[in-house]
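According to the working numbering, the sequence shown is numbered sequentially starting from 1.
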Amino acid sequence: MAGSTPALPPELCDYILDQLADDKRTLRSCALTSRQWLPRAQHNLFRSIYIDWSNCSAFSRLLSANPLLTDHVRTLEIESAFGIFSMDRLHGATLDAWLHAIPPWMPARLANLTKLELALLTIDADLARGFFNRLRGVTHLTLWACTLKTFDVFTEMYLSFPGLKRLTIAFTQEWESNPRGAVAPLAKGGALPQLEVLELTSGCDNFKVLSWLVAEDLHRAVHTLSCTRVPWAELSTLGELLNELAPTLKQLRIGLGESASASGESPTPRLTFLMLKRVPPAAPPRGTDWTAPIFSPLPALHTLTLDIHTARLSAVPYTLSLLAQLAVPALRTLAFAVKCGEFDTAFLIPWARVADVAARFHGHGGGRALECVRVGVKERPRAGPPVVHVDARAGTVGVGGMVDFAEMERSVREAFGAKGMGKLVVFERVVR
Numbered sequence: 001m002a003g004s005t006p007a008l009p010p011e012l013c014d015y016i017l018d019q020l021a022d023d024k025r026t027l028r029s030c031a032l033t034s035r036q037w038l039p040r041a042q043h044n045l046f047r048s049i050y051i052d053w054s055n056c057s058a059f060s061r062l063l064s065a066n067p068l069l070t071d072h073v074r075t076l077e078i079e080s081a082f083g084i085f086s087m088d089r090l091h092g093a094t095l096d097a098w099l100h101a102i103p104p105w106m107p108a109r110l111a112n113l114t115k116l117e118l119a120l121l122t123i124d125a126d127l128a129r130g131f132f133n134r135l136r137g138v139t140h141l142t143l144w145a146c147t148l149k150t151f152d153v154f155t156e157m158y159l160s161f162p163g164l165k166r167l168t169i170a171f172t173q174e175w176e177s178n179p180r181g182a183v184a185p186l187a188k189g190g191a192l193p194q195l196e197v198l199e200l201t202s203g204c205d206n207f208k209v210l211s212w213l214v215a216e217d218l219h220r221a222v223h224t225l226s227c228t229r230v231p232w233a234e235l236s237t238l239g240e241l242l243n244e245l246a247p248t249l250k251q252l253r254i255g256l257g258e259s260a261s262a263s264g265e266s267p268t269p270r271l272t273f274l275m276l277k278r279v280p281p282a283a284p285p286r287g288t289d290w291t292a293p294i295f296s297p298l299p300a301l302h303t304l305t306l307d308i309h310t311a312r313l314s315a316v317p318y319t320l321s322l323l324a325q326l327a328v329p330a331l332r333t334l335a336f337a338v339k340c341g342e343f344d345t346a347f348l349i350p351w352a353r354v355a356d357v358a359a360r361f362h363g364h365g366g367g368r369a370l371e372c373v374r375v376g377v378k379e380r381p382r383a384g385p386p387v388v389h390v391d392a393r394a395g396t397v398g399v400g401g402m403v404d405f406a407e408m409e410r411s412v413r414e415a416f417g418a419k420g421m422g423k424l425v426v427f428e429r430v431v432r
């Protein structure tokens with residue numbers, strides 16, 4: 001027909017549909033619009049799947065009617081319900097029943113699945129062996145606020161993924177029934193995972209995972225480690241484990257959490273401010289239950305990130321002590337991940353002290369100089385009307401929930417500039 005619109009090349013149609021990968025609603029419309037668009041639309045629709053109690057049964061029915069759709073699945077996220085109310089428990093029971101009733105053919109069909117994210121699930125040996133452990137292609141496993149009945153359930157899951165490269169554990173009760181019990185010895189034989197990236201986010205118990213990896217000689221390929229919310233008392237444990245990872249470790253992130261004082265309370269922001277003023281940069285406050293850890297040199301490490309949280313400022317002296325003790329001859333990037341909650345605590349970050357300790361990495365001992373000091377600042381979103389804070393001590397007036405980023409950047413640049421490192425500073429406001 002003379003007036004018809006010329007058809008777009010298939011490659012261009014696929015490219016356009018790929019740009020809509022995160023827009024599920026539009027992709028569904030495209031799948032119903034043209035037979036030519038259907039294959040690529042389905043590919044993007046099923047590439048990442050989220051399952052909870054409300055859609056689990058529908059997902060099974062859909063795959064039973066069209067098993068070929070499983071070929072598209074690369075990421076599978078399964079989230080249970082959490083709460084004390086009867087409806088929360090009902091939703092959790094619904095998903096749990098679905099998981100235990102998954103047909104045997106489904107795991108085998110998910111051959112292209114590489115990323116498995118599990119949240120708020122209770123995982124026992126039957127569930128692990130019946131479903132999760134049969135997803136042999138997984139390379140990235142995330143456990144978020146899950147409960148594993150025993151540590152052996154975790155080890156069995158871990159060893160069932162021979163291609164696993166990245167493990168993320170956050171706020172997980174890994175061994176609820178026997179937290180410090182013995183772990184069954186590793187059964188030899190078969191391909192073992194060569195883990196490269198390990199992220200731990202829930203305090204001291206997660207060091208059991210890292211300790212197990214080291215004990216079973218499964219840590220040799222780890223080049224990136226992130227440990228946040230580490231209690232002060234566990235720094236010695238962290239130091240021992242870092243010694244084992246030293247030959248291959250290239251990127252390290254550490255965030256320290258608070259440990260209660262003898263009275264059972266954490267220091268107040270005012271007390272923390274006094275601590276930061278009086279304590280030498282390389283030593284934490286006196287009178288605390290503290291044994292300085294011993295760190296071996298980390299010869300391969302080129303990026304070090306330290307967390308600073310304004311709600312946990314009492315951990316800053318320990319962060320400075322850690323920074324003063326680490327021997328990192330190949331360090332190129334020193335980063336600080338700052339999370340701000342209240343205006344009246346954000347100004348307490350002692351950037352002059354931080355810069356003073358960090359200066360030891362800048363051309364120290366004739367080695368290669370530090371190339372970048374990156375400061376990323378994230379503000380916690382707040383609901384409700386703003387509250388004005390007046391601090392007579394510091395002579396500041398601010399709005400609660402609003403960080404003066406310009407003032408913080410000025411403080412950062414002044415502090416590092418005084419140490420001859422001003423040109424290295426990259427200050428970023430983290431939006432997400």
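Don't be surprised by glycine CBs; every beta carbon is placed ideally from N, CA and C.
Please read all numbers here as calculations on a predicted model, not as lab measurements.
Which of the three DSSP states, helix, strand or coil, is assigned to residue i?
i	result
K423	helix
T75	strand
G130	helix
P9	coil
A119	strand
R413	helix
R429	strand
A221	coil
T303	strand
L252	strand
L17	helix
A433	The requested residue 433 is not part of the displayed model; the chain covers only 1 to 432.
Y158	helix
A369	coil
P438	No answer is possible for residue 438: it lies beyond the span of the chain, which begins at 1 and ends at 432.
G163	coil
H309	strand
E199	strand
C146	coil
L241	helix
A418	coil
Hey, residue i and residue j: beta-carbon distance below 9 Å or not?
i	j	result
R332	L370	yes
H91	S54	yes
E156	E117	no
A119	A145	yes
T228	Q251	no
P329	A246	no
A315	W232	yes
L99	F131	yes
L198	P293	no
I49	L95	no
L62	L69	yes
K115	T75	yes
L200	V214	no
V357	L320	yes
A406	A352	no
T305	S411	no
A172	N133	Looking at the sequence shown, residue 172 is not Ala but Thr. No, Cβ-Cβ distance for T172 and N133 is not below 9 Å.
I349	L313	yes
For residue i, which of the options has the nearest alpha-carbon?
i	options	result
G422	E379, Q42, A359	A359
L45	L68, N66, W37, A21	A21
L334	P350, H362, K149, A315	H362
V425	V354, V431, D404, S321	V354
A327	L241, A315, P317, S296	S296
L112	A324, F154, T172, T139	The sequence given here has Asn at residue 112, not Leu. Comparing Cα positions, the closest option is T139.
G341	P299, D404, I294, T228	D404
P193	V357, L110, R136	R136
S34	D14, G239, Y50, R89	D14
D126	L62, N66, F154	F154
G163	D124, I169, L218	L218
L249	L195, A58, D18	L195
E216	L241, V230, T26, S226	L241
H43	D18, A65, L62, Y50	D18
R220	L238, S236, E244, L235	E244
V430	E379, K24, F416	E379
R129	G190, A58, S80, L159	L159
L141	K165, L121, D152	K165
S57	D71, L323, A97	A97
Measure how close the beta-carbons of residue i and residue j come, nearest whole angstrom, since I'm counting them as under 8 Å.
i	j	result
V375	F336	5 Å
I123	L148	5 Å
V73	R89	In fact, because the Cβ distance is near 29 Å, the residues do not count as touching under 8 Å.
Notebook entry, point to check: Are there three or more Cβ pairs, one per stretch, closer than 8 Å when the stretch 295 to 311 is compared with the stretch 238 to 258?
Noted result: yes
Check: Counting Cβ pairs closer than 8 Å, one from the stretch 102 to 121 and one from the stretch 24 to 39, do we hit at least three?
Finding: no
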